[in-house]
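Asks:
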Amino acid sequence: MFTLFALTLLCLAGVATISVVVALVLTLIGLPLAILFSLLPWLLRLAGIVLLVKGLLDRPFQPENLLPAVGAFAASWLLGLLF
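In our numbering, each number is its position in the sequence shown, counted from 1, plus 24.
(1) If you draw a straight line from the alpha carbon of isoleucine 73 to that of leucine 57, how long is it in whole angstroms?
(2) For proline 119, does the three-state DSSP call read helix, strand or coil?
(3) When burial is assigned at 16 or more other CB atoms within 10 Å of the CB, is serine 100 buried or exposed?
(4) Please classify threonine 27: does DSSP put it in a helix, a strand, or coil?
(5) Would alanine 93 and leucine 76 qualify as a contact pair, given that the criterion is a beta-carbon distance under 9 Å?
The structure is reproduced here in structure tokens:
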């Protein structure tokens, strides 16, 4: 039969263990997402530059060819504002 003190220690150990496990799981999920969201604006800028060069080199030149580059730059700017 558990005493009240033993039950308190058991619950305290359980809460501490569950807290550590939850923190570890959230870190393992959140850290890659944080890295991804920090790199995404830079990757979108790079994609915008590549799409801009591709749009400028297309023959015959049409302004519609630049729309993907504008979209990539706009998404990069928006994500830069949000994050």
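All C-beta atoms in this analysis are idealised placements derived from N, C-alpha and C, irrespective of residue type, glycine included.
Quick caveat: nothing in here was measured; it's all calculated off a predicted structure.
Replies: In this structure, then:
(1) 24 Å
(2) Missing from the structure shown is residue 119; the chain here goes from 25 to 107 and no further.
(3) buried
(4) coil
(5) yes
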